[in-house]
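Colleague:
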Amino acid sequence: MLGITKTLVVAAMALAAVDAAPSPRDDKQVVHLVNANVPSPNPQAGTIVHREVARCSDPSDAFFDYILDRSHGVCQGYGTRTAEDRTCNFDPETNPHAVHRFRKACRHDGAPAVYSKISNTTKIDIFMVEPRNASQLIFTCNEARLDTVYPYYQLDTHTCKTTREGTKDSLVCVPDQAKLDDAKTFVHLQNAFYVGCEAAEGEFCVNRGTHVEDGPCGRRKGIPQP
Numbered sequence: 540m541l542g543i544t545k546t547l548v549v550a551a552m553a554l555a556a557v558d559a560a561p562s563p564r565d566d567k568q569v570v571h572l573v574n575a576n577v578p579s580p581n582p583q584a585g586t587i588v589h590r591e592v593a594r595c596s597d598p599s600d601a602f603f604d605y606i607l608d609r610s611h612g613v614c615q616g617y618g619t620r621t622a623e624d625r626t627c628n629f630d631p632e633t634n635p636h637a638v639h640r641f642r643k644a645c646r647h648d649g650a651p652a653v654y655s656k657i658s659n660t661t662k663i664d665i666f667m668v669e670p671r672n673a674s675q676l677i678f679t680c681n682e683a684r685l686d687t688v689y690p691y692y693q694l695d696t697h698t699c700k701t702t703r704e705g706t707k708d709s710l711v712c713v714p715d716q717a718k719l720d721d722a723k724t725f726v727h728l729q730n731a732f733y734v735g736c737e738a739a740e741g742e743f744c745v746n747r748g749t750h751v752e753d754g755p756c757g758r759r760k761g762i763p764q765p
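My numbering puts the sequence shown at residues 540 to 765.
And the structure:
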């Protein structure tokens with residue numbers, strides 16, 4: 540086994556749920572509704588895992604005013620990844636109406652706001668590639684649950700500094716080069732990617748040093764180049 544240490548991942552998740560409400564903005568936003576209390580399917584991923592439930596793209600200030608008011612019972616924790624992404628965390632045990640209220644608020648917001656449900660059955664492949672050579676694989680997570688991609692690979696910038704879509708059913712994750720150059724931080728990076736893959740119920744593989752066409756794990760897809 541890898542001797543997984545979850546400290547880095549737990550710290551990143553705690554930071555992502557920092558309880559400081561973001562101020563509304565006029566530019567394009569995507570608000571991600573994340574269930575932050577899902578019983579873990581695998582002990583290696585921790586006792587609970589996070590799942591993205593829905594998104595509201597391009598909402599108005601009125602939508603922010605509604606979901607950020609705790610009396611409305613939507614968000615119980617807030618965080619940001621970039622200027623474009625907001626994270627609204629909730630616990631269904633103590634806040635069972637969060638999804639309904641989030642959906643209703645987004646749909647009632649009107650154009651250009653768009654509500655979208657995140658599939659809990661769709662699977663995608665996640666490829667971590669070398670920053671200096673995108674044709675070189677580092678790790679893969681095959682058949683990962685789509686609803687774990689944002690919480691574990693897009694929100695957690697300690698793992699993927701940047702991400703981009705590959706094919707319609709794959710995501711390319713590009714780490715910080717400095718973490719690859721240092722042996723200790725490389726181990727942390729591997730652990731974080733592995734824990735995310737366990738949470739995603741995917742197939743983890745170490746591919747470093749292999750070309751995209753020759754990776755192990757019975758990988759089925761190549762990586763589209765930028």
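Don't be surprised by glycine CBs; every beta carbon is placed ideally from N, CA and C.
To the nearest angstrom, report how far apart Phe629 and Lys662 are at their CA atoms.
Modeller: 23 Å
Colleague: List the DSSP bridge partners of Phe629.
Modeller: For Phe629, which the question treats as bridged, DSSP gives the partners Asn574.
Colleague: Just to confirm, are His571 and Arg590 a CB contact at a threshold of 8 Å?
Modeller: It is not a contact, given that the beta carbons lie outside the stated cut-off.
Colleague: Taking 8 Å as the CB-CB limit, is Val745 close to chain C?
Modeller: Note that chain C does not occur in the displayed structure, where there is just one protein chain.
Colleague: Do Gln568 and Arg625 have their beta-carbon atoms positioned less than 8 Å apart in this structure?
Modeller: Yes, Cβ-Cβ distance for Arg625 and Gln568 is below 8 Å.
Colleague: Kindly list the residues whose CB is nearer than 7 Å to the CB of His636, restricted to its own chain and excluding five residues on each side of it in sequence; keep chain order.
Modeller: Here the set comprises Gly612.
Colleague: So, for Asn576: in the same chain, excluding its five sequence neighbours on each side, which residues have a beta-carbon less than 7 Å away from its beta-carbon?
Modeller: Ile587, Asp630, Pro631, Glu632
Colleague: Use the C-beta contact count for Lys718: other C-beta atoms within 10 angstroms, 16 or more gives buried, fewer gives exposed.
Modeller: With at least 16 other beta carbons inside 10 angstroms of its own, Lys718 counts as buried.
Colleague: Among all the DSSP beta bridges, which residues are the ones paired with Ser596?
Modeller: Val569, Val653
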